[in-house]
Amino acid sequence: MYLAYSLLTLAVFVVVSPYFLYQALRYKKYIGTLRQRLGFLPITFNIDAEESIWIHAVSVGEALTARALASDLKARYPRLRLFVSTTTIAGQQVAKKNLSDVDAVFYFPFDWTFIVRRTLRLVRPRLFVMMETEIWPNLLRECRRRGVKTVMINGRISSRSYPRYKLVRPFFRRVLGDVDRFCVQSEESSRRLVALGADAAHISVTGSLKFDSLELPAAISHGKPRERVLRFFRLSPNRTVIVAGSTLRGEEAAVLGAFARVKATSPGALLVLAPRHPERFGEVERLSRDAGFVTTRRSELPIDAEPRADVVVLDTLGELAQLYQVSTAVFVGGSLEDHGGHNILEPAIFGKPIVFGPYMQNFKEIADAFLSNDAAIQVQTERELNTALLALVTDPVRRARLGAAARALVEANRGAKTKTLEVIGELLPHGDDGHGHGRSVVRPFRLVH
């Protein structure tokens, strides 16, 4: 079965290689990352061949979530190096910028046995930590053979991926057997893992680590935020600001249409558009100009001055989370088009009113909790988006109520980090804390309302 899996992934790689070649030639992507993806890490990466903890975080969201654990792992296991891998280039950049406690960041290898073995020889992990649902059969099998402990943290099995996993359940059951422990976000994900063949005794329902990964506004003191982005957005207190975060193709036009209505009531309003994919910055800028708005890019803004444009395209990485704090209202993208949604917690921690579309299956439990607590607004259509944003701009009481509920919900549901670290401590004892705490059981997961 593993041979069939490897041949299948090779065939997929051959089929999609023209796309990656185009991306490499057109956007200069992937060219500089290929050696690491083939398992050839820099000679200085782990020059003394020290043992390590290896965290794999696919992209930006997972890299930011890893912040919740990185410093604690470094403090608990000072004799182990801490490495983080990512799949995407954006994730790599964010990890290098935001994870100061890690020893090195590298690109995740292709999941072929000879490449995986080469990477494991260099990284020398005692523990492999996979964020969310990054299940790579060959890597996990090699970890098992080498005695490397493995744990899935912040795991979830979405309603979209679950039917696909069921199609290959016999193989998937063997793969899950190579994972020592699972820390999952919800009871539903736990049930799905058990149905796919995971041992229920190896599953802990810890809640979402994303709540714990957020940097609280209290960390910003005396009006001096740690992120320099706000020096480019010296906004007057009464200016209306709409932030549309992590938008995808098809959503920017809808947001621009809604913003046109906002401008009719608040002529000085500002829209910050943050496309999810860097290669679309130019496309989104042209779209905004074609809609009749004075448009500029974040990289073109003068420091310590208020933006004079109608629309600013956020063409930088890692700044969106801090920028939410200057918003009047927030639209979270990936949700109006069917892409599963994006993280709504980053604006919530600043007490901002949040609007998202009908497609939030990647954050289902969190989205449901926000809606049931009147802490966010869900729209189904572009017309409803227009109405919702306009209503928020003109109703400060409604904004305040939504924002306060969002902030309270985030603070009430922090705690997944402690539970996750307990599971890791059972797998990888440290000092006097090496005694086990018993086997993990499936516990009901309830968001605090």
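With this note's numbering applied, the sequence shown covers 10 to 458.
Here a beta-carbon is modelled for each residue, glycine too, at the ideal position from N, C-alpha and C.
query, result
"Beta-ladder partner(s) of Y116, from DSSP", "T95"
"Buried or exposed by the 16-neighbour rule on C-beta atoms within 10 Å, applied to D324", "buried"
"Given L91 as reference, the closest of F123, Q194, V114, I98 once Cα atoms are compared", "V114"
"Whole-angstrom C-beta distance between T215 and T403, which should lie under 8 Å", "About 41 Å separates the two Cβ atoms, so there is no contact after all."
"CB contact flag (A79, V103, <9 Å)", "no"
"T128 - containing alpha helix (DSSP H), residue span", "122 to 132"
"Proximity winner among F340, T97, H65, A72, relative to L43 (alpha-carbon distances)", "T97"
"CB-CB length for E260 against E393, believed under 8 Å", "Between E393 and E260 the Cβ distance is about 14 Å, and since that is not below 8 Å, they are no contact."
"Proximity below 9 Å, CB of F181 to CB of K158", "no"
"Rounded C-alpha distance that separates N422 from A378", "10 Å"
"Per-residue DSSP class, three states only, for A207", "coil"
"Assigned exposure category for S255 - 16 Cβ within 10 Å defines buried", "buried"
"Limits of the unbroken alpha helix (DSSP H) element including N147", "146 to 155"
"Residue from S217, P118, D313, E143 with nearest C-alpha to S245", "D313"
"Proximity winner among G424, I386, V23, relative to R408 (alpha-carbon distances)", "I386"
"Cα-Cα separation between A417 and S168, rounded to whole angstroms", "28 Å"
"Helix, strand or coil at K158 according to DSSP, with G and I counted as helix", "strand"
"Span of the alpha helix (DSSP H) around G497", "With the chain covering only 10 through 458, there is no way to say anything about residue 497."
"Proximal residues to L129 (C-beta, below 7 Å), its chain only, five neighbours per side dropped", "E151, R155"
"Whole-number beta carbon distance between S297 and V320, since they are thought to touch under 8 Å", "5 Å"
"Whole-angstrom distance between K426 and E435, CA atom to CA atom", "14 Å"
"Under the three-state DSSP convention, the category R283 falls into", "According to the sequence as given, residue 283 is Ala; it is not Arg. Reduced to three states, the DSSP call for A283 is strand."
"CB contact flag (I62, L89, <9 Å)", "yes"
"Among A262, C192, F359, R133, nearest to A413 - alpha-carbon criterion", "F359"
"Contact belief for A75 with M161 at Cβ below 8 Å, rounded distance in angstroms", "Actually they do not touch by this definition, with Cβ atoms about 13 Å apart."
"Terminal residues of the beta strand (DSSP E) in which R307 lies", "That residue, R307, is in no beta strand (DSSP E); it is neither H nor E in DSSP."
"C-alpha gap between S68 and P284, whole angstroms", "15 Å"
"Residue closest to E143, alpha-carbon to alpha-carbon, out of F191, R133, R237", "F191"
"Span of the beta strand (DSSP E) around I363", "363 to 365"
"N-terminal and C-terminal residue of the alpha helix (DSSP H) that F191 is part of", "Unbroken run through F191 is the beta strand (DSSP E), 190 to 193; no alpha helix (DSSP H)."
"Contact set for V238: own chain, Cβ-Cβ below 7 Å, skip 5 residues either direction", "E328, Q331, L332"
"Where N163 sits in the DSSP three-state scheme", "strand"
"Buried versus exposed call for M369 [16 or more other C-beta atoms within 10 Å across all chains shown]", "buried"
"7 Å Cβ shell around S199 - same chain, five flanking residues per side excluded", "V193, I212, V214, V451"
"Collapsed DSSP secondary structure at T256 in the structure displayed", "strand"
"Three-state secondary structure assigned by DSSP to I251", "strand"
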